[in-house]
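Participant:
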Amino acid sequence: MTAYIIRRLLLIIPTLVGIMLVNFVIIQVAPGGPVEQAIAQLTGEGMDITQRVTRAGAGETLGTVTSGEGRGTSPYRGAQGLDPEFIKELEKRFGFDKPLHVRFMQMMRSYLMFDFGESFFRDRSVVTLVLDKMPVSISLGVWTTLLVYLISIPLGITKAVRDDSPFDVGSSFAIVLGTAIPSFLFAVFLLVVFAGGSYLDWFPLRGLTSENWAELSPLGKILDYLWHITLPVTAMVIGGFATLTMLTKNSFLDQLQQQYVLTAKAKGLSQKRVLYGHVFRNAMLIVIAGFPSAFVGILFTGSVLIEVIFSLDGLGLLGFEAAFNRDYPLMFGTLYFFSLLGLLLNLVGDLMYTVVDPRIDFERREA
108 MTAYIIRRLL LIIPTLVGIM LVNFVIIQVA PGGPVEQAIA QLTGEGMDIT
158 QRVTRAGAGE TLGTVTSGEG RGTSPYRGAQ GLDPEFIKEL EKRFGFDKPL
208 HVRFMQMMRS YLMFDFGESF FRDRSVVTLV LDKMPVSISL GVWTTLLVYL
258 ISIPLGITKA VRDDSPFDVG SSFAIVLGTA IPSFLFAVFL LVVFAGGSYL
308 DWFPLRGLTS ENWAELSPLG KILDYLWHIT LPVTAMVIGG FATLTMLTKN
358 SFLDQLQQQY VLTAKAKGLS QKRVLYGHVF RNAMLIVIAG FPSAFVGILF
408 TGSVLIEVIF SLDGLGLLGF EAAFNRDYPL MFGTLYFFSL LGLLLNLVGD
458 LMYTVVDPRI DFERREA
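Residue 108 is where the sequence shown starts when you use the numbering used here, and the numbers rise one by one after that.
(1) Quick one: is the Cβ of L123 within less than 8 Å of any heavy atom of the ligand HEM?
(2) Just tell me which of L448, L458, D457, G456 has its CA closest to the CA of I120.
(3) Can you grab the Cα-Cα spacing for the pair G177 / R231, in whole Å?
(4) Judging by CA-CA distance, which residue of F228, G347, R313 is the nearest neighbour of Y256?
(5) Straight-line CA distance for M212 to V124?
(6) For D308, which of helix, strand or coil comes out of DSSP?
(7) Under 6 Å Cβ to Cβ from A371, same chain only, skipping five residues before and after it: list those, please.
(8) Kindly indicate which three-state DSSP category A302 falls into: helix, strand or coil?
(9) Use the C-beta contact count for R433: other C-beta atoms within 10 angstroms, 16 or more gives buried, fewer gives exposed.
(10) From K379 to I126, what distance separates their C-alpha atoms?
(11) Mind checking who E318 pairs with in its DSSP beta bridge?
(12) Three-state secondary structure (DSSP) at S232?
(13) Are the region 422–438 and the region 217–237 in contact at 8 Å, needing three or more beta carbon pairs?
(14) To the nearest angstrom, how far is the alpha carbon of V129 from that of Q135?
(15) Report the option in D457, G423, L330, D239 whose CA atom is closest to the CA atom of G248.
(16) Just curious, the alpha helix (DSSP H) that F131 is in, first and last residue?
(17) For A302, collect the residues of the same chain with a Cβ closer than 6 Å to its Cβ; drop the 5 residues on either side in sequence, then sort them by chain order.
(18) Where do the ends of the alpha helix (DSSP H) carrying S324 lie?
(19) Do G456 and F359 count as a contact pair if the criterion is CB distance below 9 Å?
(20) Give me whichever residues DSSP pairs with E225 in a beta bridge.
(21) Would you mind working out which of L363, I395, L452, V368 sits nearest V268, comparing C-alpha positions?
(22) Do V394 and I260 have their beta-carbon atoms positioned less than 9 Å apart in this structure?
(23) Note down, one range per segment and in chain order, each alpha helix (DSSP H) of at least 4 residues found wholly within the region 408–457.
(24) Between D331 and the rest of its own chain, which residues show a CB-CB distance below 8 Å, the 5 nearest in sequence each way excluded?
(25) Out of M459, F445, F439, which has the shortest C-alpha to C-alpha gap to G224?
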């Protein structure tokens with residue numbers, strides 16, 4: 108097992124480099140890079156451009172912008188008429204004065220030391236921004252994953268045991284309906300109905316805590332937090348439990364048809380003993396082993412629109428704004444960190460197989 112873990116850890120390195128390289132090339136060739144974003148943002152607001160490009164805490168500016176005819180053409184959209192020296196200072200500030208491969212190598216060298224730099228447009232370090240937003244996303248991810256598993260596993264087992272019964276057919280219809288409704292659309296429905304829209308005013312409209320949260324008692328803080336998170340988590344759970352429920356059902360159905368189940372029943376064991384004493388461990392292998400990757404998926408990819416709708420300032424909204432503004436350090440820094448986290452959790456998911464069933468031996472399988 109130790110050799111298998113070492114091989115998997117070594118495989119993470121080229122996989123991570125490949126992920127970063129592909130995304131780096133795609134982002135670089137896409138129009139509207141950070142230099143163009145800065146030009147459009149600075150010149151379009153009618154303010155002194157030297158004030159807009161001042162780095163917080165650095166006490167320096169990129170230079171004075173002058174405009175006029177005959178300045179020549181520029182590869183950047185909206186830069187015509189601007190001083191070429193100012194454009195060069197912008198390129199230097201954003202690191203675009205170096206060739207593409209040099210920028211990539213410097214970025215990866217810094218990331219290997221977990222130095223993610225500073226955001227281009229927020230004047231804060233990437234690590235600080237991520238740590239500030241992470242509690243919101245972790246709250247959504249943990250509660251959503253927990254509820255999805257608590258609902259899906261018992262429901263999937265019941266559907267397998269009562270296959271083709273009215274309960275199975277009715278619950279399948281409800282699952283299909285829940286899958287067909289996007290989570291963000293269901294979130295809007297919850298807001299309209301339960302958050303003071305046109306009907307009830309039971310839950311808050313936005314945020315994760317109330318304005319007077321700091322003044323509340325410990326119990327009051329817990330209740331206030333649960334009160335705020337109910338609607339967004341409900342919206343995410345509705346669209347997340349269908350796949351896991353059907354996976355659990357099909358896994359149990361497959362095991363219930365195996366010979367060892369028929370033998371156990373022939374020996375006079377009760378259905379409960381057969382189901383939870385013999386079938387459960389084998390059927391739950393794929394379900395439990397997929398927990399780490401499911402958590403990562405819900406945590407970092409499934410909450411963008413939910414965070415926007417409920418005004419929750421988390422990682423999903425942060426990543427959306429970074430992509431929209433072409434904030435490269437924030438984009439690539441979070442991509443590197445969460446790709447590495449996802450690869451490590453995939454390894455944890457594989458190791459979970461051996462926890463659920465110690466008979467599994469990856470070394471023997473590879474041999």
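Think of the CB as a built atom: it goes at the ideal place given N, C-alpha and C, for glycine as much as any other residue.
Quick caveat, the model's predicted, so the values are computed rather than measured.
Facilitator: A quick look at the data gives this:
(1) Ligands in the displayed structure: none, and consequently the ligand HEM is not present.
(2) L448
(3) Because the pLDDT at G177 is just 41, under 50, the model does not fix this residue reliably, and the point stays unresolved.
(4) G347
(5) 10 Å
(6) The answer is strand: DSSP assigns D308 an E or B state.
(7) If the five residues before and after A371 are omitted, its C-beta is found closer than 6 Å to the C-beta atoms of V381, H385, all from its own chain and listed in chain order.
(8) Residue state, collapsed to three classes: strand.
(9) It is buried - the Cβ of R433 has at least 16 other Cβ atoms within 10 Å.
(10) 46 Å
(11) Partner(s): none; E318 has no beta bridge.
(12) strand
(13) yes
(14) Going from the Cα of V129 to the Cα of Q135 covers about 10 Å.
(15) Of the candidates D457, G423, L330, D239, G423 places its Cα closest to the Cα of G248.
(16) 109–136
(17) F310, L312
(18) Counting along the chain, S324 falls outside any alpha helix (DSSP H), and DSSP gives it neither H nor E.
(19) It is not a contact, given that the beta carbons lie outside the stated cut-off.
(20) S232
(21) Nearest option by C-alpha distance: L363.
(22) yes
(23) The qualifying runs are 411–416, 422–432.
(24) T316, S317, W320, L323
(25) F439
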